[in-house]
Structure formats: C-alpha cells, structure tokens
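Structure, as structure tokens:
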Amino acid sequence: MCGIVCYIGKRDATPILLEGLRRLEYRGYDSAGIAVTGGEQPYLVKTVGKVSELERRVAEVKPAGTCGIAHTRWATHGRPSEANAHPHTGCHGKIYLVHNGIIENYQEIKDDLIQKGHRFHSETDTEVLVHLIEENFRDDLESALKKALSRVQGTFGIALFHTDDPTKIVLARRGSPLILGIGRNEYLAASDVNALIRYTNKVITLNDNELAVLSAGDYSISDFQDRKVERQTETIEWPAQSADKKGFEHFMLKEIFEQPEAVQNALRGRIVDGEGVSRLGGLDSVTERLKSIKKLIFVSCGTSFHACLLGRYTFEKLTDLSVEVDLASEFRYRNLMLDEKTAIIALSQSGETADTLAAVREAKRKGALCLGLVNVVGSTIAKETDAGVYNHAGPEIGVASTKVFLSQCVILNLIALLIGRYQRLSLTEGLLITRALKELPALIDKILKNAPRVEEIAREYARYENFLFLGRLYNYPIALEGALKLKEISYVHAEGYAAGEMKHGPISLIDPDFPTIALAPRDSTYDKMINNIQEIKARDGKVIAVATQGDEGIAHHVDRVIYVPQTIDILQPLLNTVPLQLFAYYVARARSCAIDKPRNLAKSVTVE
Ligand code: F6R
Numbered sequence: 014m015c016g017i018v019c020y021i022g023k024r025d026a027t028p029i030l031l032e033g034l035r036r037l038e039y040r041g042y043d044s045a046g047i048a049v050t051g052g053e054q055p056y057l058v059k060t061v062g063k064v065s066e067l068e069r070r071v072a073e074v075k076p077a078g079t080c081g082i083a084h085t086r087w088a089t090h091g092r093p094s095e096a097n098a099h100p101h102t103g104c105h106g107k108i109y110l111v112h113n114g115i116i117e118n119y120q121e122i123k124d125d126l127i128q129k130g131h132r133f134h135s136e137t138d139t140e141v142l143v144h145l146i147e148e149n150f151r152d153d154l155e156s157a158l159k160k161a162l163s164r165v166q167g168t169f170g171i172a173l174f175h176t177d178d179p180t181k182i183v184l185a186r187r188g189s190p191l192i193l194g195i196g197r198n199e200y201l202a203a204s205d206v207n208a209l210i211r212y213t214n215k216v217i218t219l220n221d222n223e224l225a226v227l228s229a230g231d232y233s234i235s236d237f238q239d240r241k242v243e244r245q246t247e248t249i250e251w252p253a254q255s256a257d258k259k260g261f262e263h264f265m266l267k268e269i270f271e272q273p274e275a276v277q278n279a280l281r282g283r284i285v286d287g288e289g290v291s292r293l294g295g296l297d298s299v300t301e302r303l304k305s306i307k308k309l310i311f312v313s314c315g316t317s318f319h320a321c322l323l324g325r326y327t328f329e330k331l332t333d334l335s336v337e338v339d340l341a342s343e344f345r346y347r348n349l350m351l352d353e354k355t356a357i358i359a360l361s362q363s364g365e366t367a368d369t370l371a372a373v374r375e376a377k378r379k380g381a382l383c384l385g386l387v388n389v390v391g392s393t394i395a396k397e398t399d400a401g402v403y404n405h406a407g408p409e410i411g412v413a414s415t416k417v418f419l420s421q422c423v424i425l426n427l428i429a430l431l432i433g434r435y436q437r438l439s440l441t442e443g444l445l446i447t448r449a450l451k452e453l454p455a456l457i458d459k460i461l462k463n464a465p466r467v468e469e470i471a472r473e474y475a476r477y478e479n480f481l482f483l484g485r486l487y488n489y490p491i492a493l494e495g496a497l498k499l500k501e502i503s504y505v506h507a508e509g510y511a512a513g514e515m516k517h518g519p520i521s522l523i524d525p526d527f528p529t530i531a532l533a534p535r536d537s538t539y540d541k542m543i544n545n546i547q548e549i550k551a552r553d554g555k556v557i558a559v560a561t562q563g564d565e566g567i568a569h570h571v572d573r574v575i576y577v578p579q580t581i582d583i584l585q586p587l588l589n590t591v592p593l594q595l596f597a598y599y600v601a602r603a604r605s606c607a608i609d610k611p612r613n614l615a616k617s618v619t620v621e
C-alpha cells in the first residue's frame with residue numbers, strides 16, 4: 014500500500030528518498046513521486062509504474078536539495094496516473110504534500126474549495142488536503158495544517174513542506190502509521206521502518222492525533238491541541254541487511270528458507286523445560302485475567318486468518334475455552350456480546366491492517382481483553398492491544414506471507430500451552446508438545462532440502478489454470494492457505510476445501526485439467542483422505558499428495574507424492590505448509606510472475 018519517505022538534513026535528499034522508496038516497493042504500488050526543496054529551486058517528479066522509472070526521470074532533472082518528501086501510491090480514489098500520484102501541490106505551487114489513508118469527506122471539502130477559486134488537477138481525495146492547507150495558510154505551516162485537519166474526516170499519515178521555508182517538514186498522523194528516524198543532525202520519517210533502517214535504527218512512532226516538525230538540527234512532537242509530547246526513542250533490532258535478498262532470486266524464496274530460523278526465534282526462551290508449559294513475557298501483565306477467560310475469539314485477515322483457523326483446533330484440543338474465529342472485516346460489523354470473560358487475539362504480520370485494527374478497537378470498546386500476535390514491533394495493533402506476543406520473525410518483504418504464518422502457528426501453540434496448563438492439559442501432554450515444537454526447525458530444514466523435487470512437480474503442473482486443495486481437520490486451514498499462496502502469486506485459480514465438503518459441490522469441477530493437491534498425512538483422517546483421493550481418480554482427476562515420509566502405499570493412489578517428515582498431529586499442518594509454499598513459488602516462477610510484488614496486492618492493507 015501507499016508509502017511515505019521524508020528526509021531533512023545536510024545531505025542531498027534525493028538519493029536517500031529514492032533508496033527509501035525502493036525499500037517500500039514490496040508493499041505494492043502503482044505510481045511514485047518525489048518533491049525536493051532547499052536547493053537552487055524546488056522540483057517535483059511523478060511517474061506511473063516502478064520506482065526505477067522515477068529514478069530515471071529524476072536523473073534527467075539533476076536535482077539538488079536537502080529537504081524532501083516522496084511517495085509510492087496504491088490507487089484508491091482515481092486510477093494510477095501522473096496527475097493522481099503524490100506529492101500534490103496547491104494552486105500556488107508552494108506547499109507539497111504526501112498522504113496515506115483516506116479522506117472520507119473530500120467531496121464536500123472539494124466543492125467548497127472550488128467555490129473559493131481553487132483549481133484541482135487530480136481525481137484524488139488527497140489533493141483536497143493540500144488546497145485546504147493552502148487556504149488556511151497565513152505564515153505558519155503547522156497552524157494551517159491543524160486548522161485544515163479539524164475539518165477532515167478519515168485517516169491520514171501526512172508529510173508536507175513549504176518552499177518558502179525549506180528548513181522544516183511537518184507531519185501528522187491519524188490512523189495511518191508514521192515513524193520518525195532520528196539521525197545525527199538529520200531526520201527521516203516513513204510509513205514503514207524498512208525505509209529508515211539503512212540510515213538509523215533510532216526511531217519514534219507518532220501516535221494518532223500527533224504532529225511532528227522535523228528540521229536539520231531538531232525535531233518536536235505535539236498533539237493537535239499544541240501540547241508538547243515527550244517520547245523516548247526506540248532501537249530497532251532488525252539489521253539493515255535483513256531487508257536484502259541474500260543471494261535468493263526472490264524475497265519470498267529467501268523467507269521460505271528462513272523458516273527454520275523464524276520458528277526457532279518464535280520459540281527462543283519461551284519454553285519452560287521439564288514443565289510442559291510456555292513462558293510469554295508479553296502476557297505476564299494479563300495472566301490473572303487470562304485465567305478467568307471463558308471465550309476466545311481470533312480475528313485477522315488473509316494468511317493470518319488461516320493461522321487463526323488452525324489455532325481454533327489447537328485451542329480446542331489443549332484448553333477448555335470456547336473458541337471462535339472471524340475475519341476482522343466481518344467481526345467489526347457483527348452484533349456481538351463481548352464482556353470481561355472474553356478475550357480476542359488479533360493476528361497481524363504488519364500490525365497495521367485496517368480491518369484488524371478496527372476489530373481490536375471494537376472489542377476494546379465492548380470490554381473484551383485484547384491480545385495481539387504481531388511481527389512488526391511498535392506497530393499500531395501492537396500498541397493498541399492490552400498485551401501480546403511478538404513473532405520476532407524479522408522483516409517479511411515478499412507480499413505473500415510465509416515465514417510469519419509458520420511463526421504465528423507456533424506461537425498460538427505456545428499461548429494454548431500456557432492457558433491449557435492452567436486447565437485440563439496434563440504435564441505428559443505438555444511435555445510431548447514442547448518436545449515436538451523444539452524439533453520443528455530441523456524437520457523444516459529437511460523439507461527444504463527436498464525443494465528441487467517440489468520444483469520438478471511444480472514445473473510439470475505450471476500449465477494448469479485451476480487447482481483444488483483438500484485437507485481435513487488440522488490440515489483444512491492449510492488447504493486454504495495453499496490455495497491462497499498459489500492464486501495470489503501465480504494468478505492461477507485455486508480453491509481450498511475441507512475434503513469432506515468435496516462431494517457437496519466441488520467434485521463436479523474434477524476432470525483431467527483440474528488437478529488436486531491432497532494433504533494426506535498419516536493421522537486420524539488418513540483413511541477418509543484416501544477415499545477422497547480415490548473419488549477424484551475415479552473421475553480422471555490428477556492428484557498430488559502431500560504425505561508422511563515412509564508412506565510408500567499412497568504412491569499407488571496418486572500421480573505425484575511430496576513426502577514430509579512426521580510430527581504430532583497438531584503440528585503436522587505446519588510442516589505440510591512448507592511444500593505448498595514452495596509449490597506456489599515454483600509455479601509462479603515457471604509462469605514468469607512478479608513473485609514478490611503480485612499485481613493489485615499490497616503487503617500492508619491500511620484501508621478497509
Ligand atoms: C497473503 C497475505 C495477506 C495477509 C493479510 C493480513 O499471503 O500476506 O493475506 O496475510 O493482508 O495481513 P497482516 O497479517 O499484516 O494483518
């Protein structure tokens with residue numbers, strides 16, 4: 014989704030801003046732009062398409078200046094075009110502004126400004142902001158911004174400068190992230206910490222309804238009522254190079270291969286040896302309240318939602334809680350009875366997903382305990398939940414979530430263990446699970462060594478346009494996840510189904526051109542899965558099975574087998590996920606798709 018980068022200091026702003034934009038490319042965008050001042054004269058360049066095209070155009074201008082703002086846009090109001098790309102400027106061409114978020118009452122403000130003589134050049138909601146600020150400007154940018162924002166409904170992360178005063182950039186936030194990067198005699202700001210870590214690891218996150226002023230030698234933060242805000246800097250632990258590909262062709266592949274480490278990081282220091290229980294520092298403050306909880310609701314979107322679906326089975330097996338799962342976009346509009354005996358767990362890699370954040374706010378309003386399971390430290394969901402656990406999976410750059418999904422599934426096991434051991438879960442069962450959790454990184458490593466076999470099968474099947482993914486019980490959410498991975502990066506139609514549902518509809522799709530990927534581990538559902546496979550074969554459907562290492566017999570029923578080592582039933586789906594991620598990756602590669610930045614998708618979905 015849209016990205017913002019700003020720089021003010023003594024250096025030439027342009028290369029720093031362009032590098033920042035490159036580091037935001039993974040979020041998904043369709044146009045980009047940059048405005049710089051503080052040199053001989055201000056310049057503004059906007060392009061449709063890639064940041065590399067913007068760089069080419071900027072090089073023609075030979076710009077200089079020490080103060081600048083830049084943006085990648087993901088179209089919401091108005092198609093991708095140069096006119097709609099940010100930065101936007103007003104009628105006098107003195108104020109330049111970039112904006113993430115949505116201005117809901119933009120039409121009413123626009124009509125009013127047109128009456129007052131303003132001329133608009135884009136179809137965006139953002140352009141009204143810069144005209145409104147211009148309308149309110151006397152001699153002070155902060156006052157004009159605050160006055161303008163008092164009329165605005167919606168969400169925003171905004172950065173702007175005035176060419177008459179190239180010594181400052183002003184920022185404001187409501188509902189759309191902005192992080193300040195604190196350097197030596199220079200300051201940066203961005204909507205995503207990845208744009209900053211090359212230059213500084215000292216950051217400050219702006220809160221909603223706060224405004225910041227950056228200059229080359231100083232910065233200040235205040236609220237919209239002019240009250241000064243003092244905030245400590247935080248240190249980001251991610252090394253700058255963790256946002257590089259480390260020799261892999263794509264971030265997605267690198268992240269798939271980082272999964273043993275991501276799982277290790279999710280577990281590190283979180284298992285109490287010999288007691289079959291976990292230790293989660295982030296939940297310490299709510300331990301007593303957790304003991305009184307009767308109902309748990311998972312909320313999230315996309316891949317994180319699939320982790321929640323698996324979490325439901327895990328919690329039902331290990332705890333006495335009644336468990337519900339809901340898509341955040343549905344949950345927030347339901348008429349739910351939530352009280353102090355209910356907890357919600359919001360899962361989000363980015364910690365910024367608009368629907369998940371809205372669900373958290375709704376649950377808080379109704380008195381539920383709100384927990385977060387988030388990867389991005391300091392993100393809005395991490396801040397707004399009552400307590401929570403971090404994934405510590407490192408930055409996930411590929412748009413398709415992989416390593417964070419496995420990390421989420423591992424941590425849900427840890428949370429279930431923590432609660433379950435207060436309830437019915439025995440020491441013996443607890444020990445069995447903690448032992449199996451610790452073995453996961455080595456088992457995932459083994460699966461990754463088999464990647465060439467998955468690649469071979471993926472190349473063979475890359476020409477098909479439709480796939481069915483089937484799984485039962487713990488593997489049903491993995492069938493959904495496998496289908497999502499394939500469709501989002503290879504643009505192949507794929508449906509995930511609970512295998513038991515096959516006869517209730519999807520079986521009519523089966524023919525020689527509609528292959529099925531069947532998750533058929535040697536667990537309690539094995540015989541039923543074999544029945545489903547036979548039903549598909551009886552209709553000339555092709556079947557690729559993901560099966561347990563050593564199950565030679567299954568090869569007689571299917572066309573291809575991908576073997577996976579065995580673990581306990583509740584953790585088997587985590588292992589089964591890995592070949593499906595690899596399959597999606599290699600199909601997309603064979604079809605020459607833009608794997609890390611699939612069309613129309615954004616890494617962090619900050620609009621409803
Ligand atoms: C799919 C994918 C998305 C995200 C979804 C939620 O591979 O990555 O479906 O899972 O947009 O994002 P987060 O977890 O950041 O809330």
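Take the position in the sequence shown, starting the count at 1, then add 13; the result is the number in this note's numbering.
A virtual CB, placed ideally from N, CA and C, is assigned to each residue, including glycine.
In the DSSP annotation of this structure, the continuous segment of the beta strand (DSSP E) that includes Val556 starts and ends at Val556 to Thr561. Glu468 sits away from Tyr576, with the two beta carbons spaced by 8 Å or more. In this structure, Ser420 is the residue among Ser420, Ala367 and Ala381 with its C-alpha nearest to the C-alpha of Asn388.
Secondary structure note for Glu66: its alpha helix (DSSP H) is the uninterrupted segment Val64 to Val74. Under the three-state reduction of DSSP output, Thr398 falls in the coil class, being neither helix nor strand. Per the C-alpha coordinates, the member of Ile428, Val336 and Phe318 positioned closest to Tyr326 is Val336.
Using a Cβ distance threshold of 8 Å, Ile29 and His263 do not count as a contacting pair. Assignment of Thr27 by DSSP, reduced to helix, strand and coil, places it in the helix class. Checking the DSSP bridge columns, you'll see Tyr510 partnered with Leu483. Distance from the C-beta of Ala372 to the nearest heavy atom of the ligand F6R is not below 7 Å. About 6 Å separates the Cβ atoms of Ile21 and Tyr200, confirming a contact at the 8 Å cut-off.
Fully contained in the region 99–129 are the following beta strand (DSSP E) runs of length 3 or more, in chain order: 108–113. Between Thr538 and the set Leu309, Tyr489, Asn278 and Leu614, the nearest pair of CA atoms involves Tyr489.
Beta-carbon to beta-carbon, Thr369 and Ile394 are separated by about 6 Å, close enough to satisfy the 8 Å threshold.
The three-state secondary structure of Lys215, taken from DSSP, is strand. In this structure, Val618 has its beta carbon less than 7 Å from a heavy atom of the ligand F6R. For Gly16, the enclosing beta strand (DSSP E) starts and ends at Gly16 to Ile21. Taking the Cβ of Glu501 as the reference point, at least one heavy atom of the ligand F6R falls within a distance shorter than 7 Å. One alpha carbon belongs to Tyr510, the other to Leu173, and they sit about 48 Å apart.
In terms of Cβ geometry, Ser291 and Leu456 do not form a close pair [threshold 8 Å]. Residues of the same chain with a CB within less than 7 Å of the CB of Glu53, apart from the 5 flanking positions on each side, are Ala77 in chain order. In this structure, Gln362 has its CB closer than 7 Å to one or more heavy atoms of the ligand F6R. Looking at Gly407, Pro408 and Ala381, the one whose alpha-carbon comes closest to that of Glu397 is Ala381. Within the same chain, Ala533, Ile567 and His570 come within 8 Å of Ile543 by CB-CB distance, once the 5 residues on both sides are set aside. Between Ala88 and Val61, the C-beta gap is not smaller than 8 Å, which leaves the two residues out of contact. With a cutoff of 8 Å on beta-carbon distance, Arg283 and Leu296 are scored as not near each other. In this structure, the straight-line span from the alpha carbon of Gly51 to that of Cys80 is close to 6 Å. Boundaries of the alpha helix (DSSP H) harbouring Asp458: Leu440 to Lys462, taken from the DSSP string. In this structure Gly401 is buried. Its beta-carbon is surrounded by 16 or more other beta-carbon atoms within 10 angstroms. Proximity of the beta carbon of Gly41 to the ligand F6R is not indicated: no heavy atom of the ligand is located closer than 7 Å. With a cut-off of 7 Å, the C-beta of Ala429 is classified as distant from the ligand F6R, since no heavy atom of the ligand falls inside that distance. Scanning its chain for C-beta atoms nearer than 8 Å, with the 5 sequence neighbours on each side dropped, one finds around Thr213 the residues Gly194, Ile195, Gly196 and Leu201, in chain order.
Beta-bridge partners assigned by DSSP to Thr248: Lys215. Between the ligand F6R and the CB of Gly315, the shortest heavy atom gap is smaller than 7 Å. When the five nearest sequence neighbours on each side are left out, the beta carbons in the same chain lying within less than 8 Å of the beta carbon of Arg92 are those of Glu136, in order along the chain. In the DSSP assignment, Asp540 falls within the alpha helix (DSSP H) that extends over Tyr539 to Lys550.
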